[in-house]
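Data first, discussion second: the structure below is written as structure tokens.
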Amino acid sequence: MDLATVIGIVLAMGLVVSAILLGSSLLIFISAPSALIVIGGTIGATLVNYPLGSVLGVVGIFKKTFFSTVENPSEIIARFMDYANRARREGILSLEPLLKEIDDAYLRKGLQLTVDGLEPQTIEEIMQAEVDYLEQRHETGAEIVAAMGAYAPALGMIGTVIGLVQMLQSMSDPSTIGPAMAVALLTTLYGAILANLFFNPLAGKLKNRSREELLTRELIMEGILSISKGENPRIIEEKLNSFLPPKQRQSSD
Amino acid sequence: MDLATVIGIVLAMGLVVSAILLGSSLLIFISAPSALIVIGGTIGATLVNYPLGSVLGVVGIFKKTFFSTVENPSEIIARFMDYANRARREGILSLEPLLKEIDDAYLRKGLQLTVDGLEPQTIEEIMQAEVDYLEQRHETGAEIVAAMGAYAPALGMIGTVIGLVQMLQSMSDPSTIGPAMAVALLTTLYGAILANLFFNPLAGKLKNRSREELLTRELIMEGILSISKGENPRIIEEKLNSFLPPKQRQSSD
Amino acid sequence: MDLATVIGIVLAMGLVVSAILLGSSLLIFISAPSALIVIGGTIGATLVNYPLGSVLGVVGIFKKTFFSTVENPSEIIARFMDYANRARREGILSLEPLLKEIDDAYLRKGLQLTVDGLEPQTIEEIMQAEVDYLEQRHETGAEIVAAMGAYAPALGMIGTVIGLVQMLQSMSDPSTIGPAMAVALLTTLYGAILANLFFNPLAGKLKNRSREELLTRELIMEGILSISKGENPRIIEEKLNSFLPPKQRQSSD
Amino acid sequence: MDLATVIGIVLAMGLVVSAILLGSSLLIFISAPSALIVIGGTIGATLVNYPLGSVLGVVGIFKKTFFSTVENPSEIIARFMDYANRARREGILSLEPLLKEIDDAYLRKGLQLTVDGLEPQTIEEIMQAEVDYLEQRHETGAEIVAAMGAYAPALGMIGTVIGLVQMLQSMSDPSTIGPAMAVALLTTLYGAILANLFFNPLAGKLKNRSREELLTRELIMEGILSISKGENPRIIEEKLNSFLPPKQRQSSD
Amino acid sequence: MDLATVIGIVLAMGLVVSAILLGSSLLIFISAPSALIVIGGTIGATLVNYPLGSVLGVVGIFKKTFFSTVENPSEIIARFMDYANRARREGILSLEPLLKEIDDAYLRKGLQLTVDGLEPQTIEEIMQAEVDYLEQRHETGAEIVAAMGAYAPALGMIGTVIGLVQMLQSMSDPSTIGPAMAVALLTTLYGAILANLFFNPLAGKLKNRSREELLTRELIMEGILSISKGENPRIIEEKLNSFLPPKQRQSSD
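Right under this line is the structure:
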């Protein structure tokens, strides 16, 4: 559960609603047609912009911003120290029985390739291609949400101009100008809130999650390659530790 | 047929028209001169910006956003596994009879070069140059549509300023101010709709299509090079599979 | 003659003028002081931004957007096939008599270096440096025009604020407000038209011209290097053809 | 203590407050709800955008913009000249007793690896990974503050639109329009001040601090590698001096 | 003396002042508090953004946009031809007596390292580090001025919002609205003029100057390396000439 996402949205929306309630009823800020044009139009523009499959995948992507399952890098390093020491003492084939206990598909694949005795360079090519592909999929996800953050205020502006044109065309009764303009402004408000409190920060969180996950993958790749090259466990530890912030580093010494 | 493009445009435009109809007749939003200045001006600026041939090619480019012909990567991989096994067992010349059955010109050319016994490095140079060139042509296409998405709101703004100047110069009768301003705002509305519901998302879709097509080409290039280097079919499969999302991967084991 | 540039400007300006004439006389849109502040101010800011020589060179640069002299790539490839076959059959020195018939200075220089027997790597260094330099000069040209496209609307805005301040300071007679504001808006209009119908698209066209010219240079460099390495004419043809769109490719087979 | 940060904030805020006091009381510019929506909303959006840990770390990051502890590069170079001469004369192991006197963890680690006799390439990999990691953490810090600089004006705009809608809905008494609009504008003002006098310049200062610190790390890495390669002290001095502005360079000659 | 900078500023400011004088007295555009908040606030934000030393260095940087001391590249090439021929005929040590006549510290250092017999690769590392450092310092200078160009309009906007809030809070006498709003707009005007006629173009000029100077340094580095590698003077001339626009090239043949 990503607490920051939940706290952030509750805090920001709570403040916006409180600010409204201080000055008027919440009712004058609710307009189904305005919501429809902003939300529906944003979804429409996003569908034109991205393949159907990717847009439908956004629901799953949103979930990802609320839940986090990235493994702790320190644990991965500890695990690699174990593999490295074992490979040193008992040979690389001694890692084979461990393979079936590994949950992470990426780590298991890398270790399998190592146990199979492939060249480190070939292992690197295969593992790097996988990381590149993952990065690209993640980028597409964050990009879609960022695109929604760009289309929402544009749709808001379109809705407001439509409202203004209608107001200006029927300006016979001056007392209706104010309320008509207030309604016209609602789409701008919806667009700005959707973009700045939801889509843009969620796109940012997706990028951060992706960065963390990629770091873990690079850590795993570095570890696999070091083992397949038969490097000294102490050097492997130094290398992998440099992926951690200084505070989290542990030494097996 | 790219359903997402069609659904997206129908959804967004439908919502915009519904929003209009809720408040007034659609007629007050139709103005031929406004449409002419925004659309014609956008085309004019695009013609100054890009070569005539490229702009005329945009029609074909738009078609591309509605229809998709990218081959399924899984099928390409299956095909390469077949080639690789055949080349292993019967020698690389055994691929020659297959050449004439291949539809894709890029794959055929690559395989022809391999059968001809060129060095992998020379094959890579030729195939990479082709991919680079394709990427550049695609980028120009997406760039033109994106430029139209930038010029349309600018022309909309120019039209609105022209309308405002005319209104301000003849402000004798206050009752005409509202309608005159409403008309002036129409070009801004047209520009915003063209940019945000058509040009910008279509440019995005073109970039996505291009990315997919380039991935397929890279997959083909990787496969051709692996065969020409005489790599082990199992390693080829591992390499090519890393181009696929994990779910779509199949193993020949 | 670059028809697209001429057609584009005539089309866009014609539509803008027509849109004006539909609603009022053209006269209320003409203001010498407004034109002076926008055009003069843009030139001033550009002079501060770029060296005098480069700004004066912009006149020549504008000419370039109307006239095009890039040689047809297919013809260059045909020519290289001729050189390559000749060099194969009669030795590289047989190209020497052809040198004086070559108009293009870049091609002539490259071929001269080849005939002189320099190492391919040295030839590449010299020819690449020349291309890099050309690219930089082109970029500066396009950059200056793009900078004018950024300064013009800024000057337009400055002019409008000046007009608004003067109008607001002397607001005794309400009937003068409208026309005064109309005049103030003219600089904004001029800035927007200059930027979006002239400077920005012309900067774009310069970038496209430069891209074409650089492609031709790269094609020539690739051809020269292939000949100086004594490559097989068929492979040279494959390599050079990949610079062309598939439709334009010809085969000497 | 980073005087520039303190002077800059005091100067800018002092001028803003003076400008206000020249025209009215400061009181009409103070509104707790407006401050709450802008500041709280910005924090909320930032929490959605970044992991909780990183956002909480921002407090420590802000401190960093006020205090500077980067070591003087000239002193580091002098120290390296000492190490290099010592290593030359008495062998690399003679550096071991110095290790425990070194405060800087990065320098100590690098020297330890050198004394341990690791290959220069391995030392470079480990030290580079550490620098890369530091750079990434710094970038995240500056990015968070820059994101706050983007969210603050957006929240300001949202607050103003909310105020405008409320004002337009209850426009019965014309005399209340002015003050209501004034209050609505306060969130825009708060957002603009927070972004342009605090978040954006502070993000810039963080980037500058990070650049300085990275330069020092690169200087240390270069020095360590030169010593581990056993390079001539004079050449080491030339190399390290090129990290300094010409004025600060000293020669041991 | 950089004439373009002087002409540009005089031209643009002259036109702005003329435009003002055509419609009113210059006096209504002068407001010390407005100038103070825009200029002082911009300096304040810049101090928060950059280290004190760098901001104080901006005065020297501004001077640089008015005066130019870059040596003529043709002369540098002529000089290198002389060195190259001398080194060819009389050995590289024959360049030593020339060292003390060289004004340019960079050229002298490079030649000294060559005469000292260092490896070309070591010379390249040292000279490249120096160029990189110079580039970074130049970039910081241009960046600071560009940042001022971004803060000035933001401060102008802050000043205008402050003025608007004060005007709206005391809107009892309608006749004061106009002049109050006019005064409020002055900060926007000052910000726009400072940014678009001073800071932005000056930042651009700094970037251009830096580019010229870096080109000269690269030319010198290329020449030094060619001499230290003992290359043929004719090839050196070809290489260095490619740094010049075709018109300026001279041949020693």
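Quick mapping for you: the protein sequence lines, in order, are chains B, F, H, V and X. Heads up, the working numbering is the position in the first sequence plus 660, with the first residue counted as 1. Heads up, the working numbering is the position in the second sequence plus 660, with the first residue counted as 1. Heads up, the working numbering is the position in the third sequence plus 660, with the first residue counted as 1. Heads up, the working numbering is the position in the fourth sequence plus 660, with the first residue counted as 1. Heads up, the working numbering is the position in the fifth sequence plus 660, with the first residue counted as 1. No residue lacks a Cβ here, since even glycine has one placed at the ideal position from N, Cα and C. Source: prediction; values computed, not measured.
Cβ separation of residue i and residue j, assumed to be a contact under 8 Å, to the nearest whole Å
i	j	result
F:Leu849	B:Val805	About 27 Å; that fails the 8 Å criterion.
V:Ile688	V:Ala842	7 Å
Residue-level contact to chain H via CB, residue i, 9 Å cutoff
i	result
X:Met841	yes
X:Leu885	no
X:Pro861	yes
X:Gly751	no
Neighbour list for residue i in chain B, Cβ cutoff strictly below 8 Å
i	result
F:Thr847	Residues of chain B passing the Cβ test: none, with the nearest at roughly 10 Å.
Residue i (DSSP reduced to helix, strand or coil)
i	result
H:Leu862	helix
B:Met831	coil
H:Asn656	With chain H represented from 661 up to 913, any question about residue 656 of chain H goes unanswered, as that position is not in the structure.
H:Lys723	helix
B:Gly890	coil
V:Phe740	helix
F:Lys905	According to the sequence as given, residue 905 of chain F is Pro; it is not Lys. DSSP places F:Pro905 in coil when its eight states are reduced to three.
F:Asp792	helix
V:Ser678	helix
V:Glu779	coil
Proximity test, residue i beta-carbon vs the ligand SAM heavy atom, cut-off 8 Å
i	result
V:Arg748	Inclusion of the ligand SAM in the displayed structure is not the case, the ligand content being empty and no account of it being possible.
Within chain F, the residues that residue i reaches when beta carbons sit closer than 7 Å
i	result
H:Ser902	Ile786, Ala789, Glu790, Tyr793
H:Gly838	Leu828, Gln829, Met831
Proximal residues of chain H, C-beta to C-beta of residue i below 7 Å
i	result
F:Gly819	Ala679
F:Gly781	The sequence shown places Gln at residue 781 of chain F, rather than the Gly named in the question. Chain H residues near F:Gln781: none, gap ~12 Å exceeds 7 Å.
Nearest candidate by alpha-carbon position, reference residue i, set the options
i	options	result
B:Phe915	B:Leu885, B:Leu879, B:Ile703	Nothing can be reported for residue 915 of chain B, as the shown portion of chain B is limited to 661 through 913.
F:Arg797	F:Ser714, F:Asn901, F:Asp833	F:Ser714
H:Met673	F:Leu696, F:Val676, F:Ala664, F:Gly683	F:Leu696
H:Met741	H:Asp764, H:Leu846, H:Lys899, H:Leu815	H:Lys899
X:Ile752	X:Gly851, X:Gly819, X:Gln908, X:Ile887	X:Ile887
X:Thr706	V:Ser694, V:Ile737, V:Gly701, V:Leu663	V:Leu663
V:Ala863	V:Ile880, V:Ala802, V:Ile818	V:Ala802
B:Glu882	B:Leu686, B:Leu682, B:Leu771	B:Leu771
B:Pro906	B:Ser734, B:Met827, B:Glu761, B:Arg739	B:Ser734
H:Val666	H:Ile895, H:Pro861, H:Asn892	H:Pro861
Partner residues on chain V for residue i, Cβ-Cβ distance less than 8 Å
i	result
B:Val676	Ile697, Gly701, Ile818, Ile822
X:Tyr710	Ala664, Gly864, Lys865, Asn868
X:Arg797	Pro905
B:Leu759	Under the 8 Å cutoff, chain V gives no residues; its nearest Cβ is about 27 Å from B:Leu759.
B:Ala852	Ala814, Met817, Ile818, Val821
Cβ of residue i within 9 Å of any chain B Cβ
i	result
V:Leu815	yes
V:Val715	yes
V:Gly801	no
F:Glu872	yes
CB contact below 9 Å: residue i versus chain F
i	result
H:Ala855	yes
H:Ile736	no
H:Gly683	yes
Chain V contact for residue i (CB, 9 Å cutoff)
i	result
X:Ser694	yes
B:Phe727	no
X:Thr876	no
B:Lys606	Coverage of chain B is limited to positions 661 through 913, which leaves residue 606 of chain B absent and any answer about it impossible.
B:Val670	yes
Within chain X, partners of residue i - CB distance below 9 Å
i	result
H:Ala747	Going along chain X, no residue has its Cβ under 9 Å from H:Ala747, so there is no contact; the nearest lies around 21 Å.
Cross-chain neighbours of residue i in chain F, by beta carbon under 9 Å
i	result
B:Met881	Those do not exist, as B:Met881 stays about 12 Å from chain F at its closest Cβ, beyond 9 Å.
Residues that residue i contacts on chain H, provided the C-beta gap is smaller than 8 Å
i	result
X:Phe689	Ile822, Val825
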